[in-house]
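Contents: one structure, followed by commentary.
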Amino acid sequence: MRANAVLFWILSLFFGVLAVIYPLWGILEADYVEPAGTVALSLTSILGAFVGFYLQKSYNTQGAELPEDRSDANIDDGDPELGFFSPWSWWPIVLAAGGASVMLGIAVGFWIAIIGVFVTVIALVGWTYEYYRGYFAR
Amino acid sequence: MRHNGSVTSTSISPATHVPVVNRPNTVAVGTIVWLGSEVMFFAGLFAIYFTLRSTSPELFTFEANRLNVPFALVNTLILVSSSFTCQFGVFAAERLQPRSTGWKPSQWGMVEWFFLTYALGAIFIAGQILEYATLVHEGIALDSNAYGSAFYMTTGFHGLHVTGGLIAFLLVIGRGFAVRNFGHREATSAIVVSYYWHFVDVVWIGLFLVIYVLK
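Protein sequence lines, in the order shown, are assigned to chains Y and C. Just so it is clear: in the first sequence, position 93 is 508 by this note's numbering, and no numbers are missing. Just so it is clear: in the second sequence, position 177 is 342 by this note's numbering, and no numbers are missing.
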């Protein structure tokens with residue numbers, strides 16, 4: 416995890432330096448600061464710092480190295496609960512159909528989009544509550 | 166070496182030195198990475214704005230001075246305060262308390278705090294719609310000129326994000342009602358929605374500074 420955080424901090428630093436060089440270069444060459452590239456480079460630097468900071472924070476609260484970061488760990492050391500993963504689900508396909516209908520409707524005929532909105536809402540609710548109702552309720 | 170009776174030691178001694186690790190939550194890390202991509206989405210919108218400012222300064226100054234700054238400031242404060250109520254909801258979710266145990270805010274559960282957050286976010290959206298209606302009435306529209314396009318694209322996409330956050334709050338509140346035993350999975354969904362909400366809030370502060378203060 417430490418290496419992951421450091422990689423993102425390096426990216427952040429790199430783009431941060433470029434975000435300073437780029438506008439200065441523009442001033443030297445053409446007496447003009449090109450805004451789109453300056454904004455993009457600055458926010459890419461923020462992107463790196465954002466993810467780097469979060470990984471750093473997660474690493475600090477970890478208490479120890481993850482088994483996958485240790486050369487002396489065994490396979491079964493990295494066998495805690497990683498989270499909940501649905502074994503299978505139809506809802507993503509329904510949601511994709513809903514999103515596709517909305518986009519298609521915007522492109523060719525708006526009535527399709529109205530149907531698509533309903534399908535999207537049903538799919539979102541169905542997916543969110545798939546493991547909260549009926550047989551799987553918890 | 167096989168255990169054929171001629172050896173007395175075990176061939177594998179399990180490692181006992183691996184300490185308990187507080188493994189990072191994959192949902193939370195995934196949300197942060199996705200929000201990183203959202204940073205770049207808004208980078209494009211900010212780039213549109215700054216490019217317009219540098220290529221058409223007269224148009225920009227003229228149109229920007231027609232914006233109602235005090236109104237937007239109040240709306241901004243409402244959105245910022247919703248971030249705080251959202252965070253109190255997260256604190257409740259982290260102590261695994263979905264519902265209130267009394268009328269006092271200190272006894273509120275996640276559901277009550279998130280309803281309040283929802284109300285504040287909805288007021289923000291309603292305020293933005295009012296602002297749009299006023300501006301269109303005064304002649305700044307999506308198709309009036311480049312400034313109108315940039316203004317409605319940036320604030321509009323942000324408004325859509327806030328609306329998406331409001332829907333996410335409803336879904337998390339629904340989970341608070343639906344679940345019998347409020348556990349870490351439900352707390353995780355509350356926490357990642359709060360990450361998103363804080364992110365959208367910070368983006369708005371950036372937009373507010375660029376659009377209304379910097380002019």
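From the three backbone atoms N, C-alpha and C, an ideal C-beta is built for every residue, glycine too.
- Message: For a contact defined as C-beta to C-beta under 8 Å, what are the partners of residue 211(C) on chain Y?
- Response: Numbered from its first residue, the second sequence carries residue 211(C) at position 46. Per Cβ cutoff of 8 Å: 454 and 458.
- chain Y residues whose Cβ lies nearer than 9 Å to that of residue 219(C): Against the second sequence, residue 219(C) aligns to sequence position 54. By Cβ distance, chain Y contributes 447, 448, 449 and 450.
- Query: Between the C-alpha atoms of residue 166(C) and residue 188(C), what's the straight-line distance to the nearest angstrom?
  - Reply: Translated into positions along the second sequence, residue 166(C) becomes position 1. Translated into positions along the second sequence, residue 188(C) becomes position 23. With a pLDDT of 45 at residue 166(C), under the threshold of 50, the modelled position of that residue is not reliable, and no figure is offered here.
- Query: Does any C-beta atom of chain C lie closer than 8 Å to the C-beta of residue 473(Y)?
  - Reply: Start at 1 with the first residue of the first sequence, and residue 473(Y) comes out as number 58. Interface residue, yes.
- Please report how far the alpha carbon of residue 265(C) lies from the alpha carbon of residue 254(C), in whole angstroms. As a working mapping, residue 265(C) is identified with position 100 in the second sequence. As a working mapping, residue 254(C) is identified with position 89 in the second sequence. Going from the Cα of residue 265(C) to the Cα of residue 254(C) covers about 11 Å.
- Query: What's the gap between the Cα of residue 566(Y) and the Cα of residue 457(Y)?
  - Reply: An answer regarding residue 566(Y) cannot be provided, because it is not within the stretch 416 to 553 covered by chain Y.
- Task: Compute the Euclidean distance between the alpha carbons of residue 263(C) and residue 513(Y), then round it to the nearest angstrom.
- Result: Translated into the one-based positions of the second sequence, residue 263(C) becomes position 98. Translated into the one-based positions of the first sequence, residue 513(Y) becomes position 98. Their backbone Cα atoms lie some 31 Å apart in a straight line.
- How would you list, in chain order, the residues of chain Y whose beta-carbon sits under 8 Å from the beta-carbon of residue 370(C)? In the second sequence, residue 370(C) corresponds to position 205, counting from 1. Per Cβ cutoff of 8 Å: no residues; residue 370(C) is ~13 Å from chain Y at best.
- Message: DSSP three-state label for residue 208(C), please.
- Response: Here residue 208(C) refers to the residue found at position 43 when the second sequence is read from its first residue. Note: residue 208(C) maps to helix in three-state DSSP.
- Between residue 329(C) and residue 350(C), what straight-line distance do the alpha-carbon atoms span, to the nearest angstrom? As a working note, residue 329(C) is residue 164 in the second sequence. As a working note, residue 350(C) is residue 185 in the second sequence. Going from the Cα of residue 329(C) to the Cα of residue 350(C) covers about 21 Å.
- Leaving out five residues on either side along the sequence, give the residues of the same chain with a beta carbon under 6 Å from the beta carbon of residue 424(Y). Within the first sequence, numbered from 1, the residue matching residue 424(Y) stands at position 9. Only 467 meet the Cβ criterion.
- Query: So, helix, strand or coil for residue 552(Y), using DSSP?
  - Reply: By one-based count along the first sequence, residue 552(Y) stands at place 137. It is coil, neither helix nor strand.
- Message: If contact is defined by three or more beta carbon pairs under 8 Å, each pair taking one atom from either stretch, is the stretch 330 to 347 of chain C in contact with the stretch 303 to 315 of chain C?
- Response: no
- Distance, residue 482(Y) Cα to residue 416(Y) Cα: Taking the first sequence and counting its residues from 1, the one referred to as residue 416(Y) is at position 1. Taking the first sequence and counting its residues from 1, the one referred to as residue 482(Y) is at position 67. Looking at the two C-alpha atoms, the distance is approximately 10 Å.
- Message: Tell me the rounded alpha-carbon separation between residue 479(Y) and residue 485(Y).
- Response: On the first sequence, residue 479(Y) is found 64 positions in, with the first residue counted as 1. On the first sequence, residue 485(Y) is found 70 positions in, with the first residue counted as 1. Each residue's alpha carbon lies about 10 Å from the other.
- Query: What's the C-alpha gap between residue 491(Y) and residue 497(Y)?
  - Reply: For the purposes of this step, residue 491(Y) is taken as the residue at position 76 of the first sequence. For the purposes of this step, residue 497(Y) is taken as the residue at position 82 of the first sequence. Distance between the alpha carbons of residue 491(Y) and residue 497(Y) is about 13 Å.
- Exposed unless 16 or more other CB atoms sit within 10 angstroms - verdict on residue 230(C): Against the second sequence, residue 230(C) aligns to sequence position 65. Burial call: exposed.
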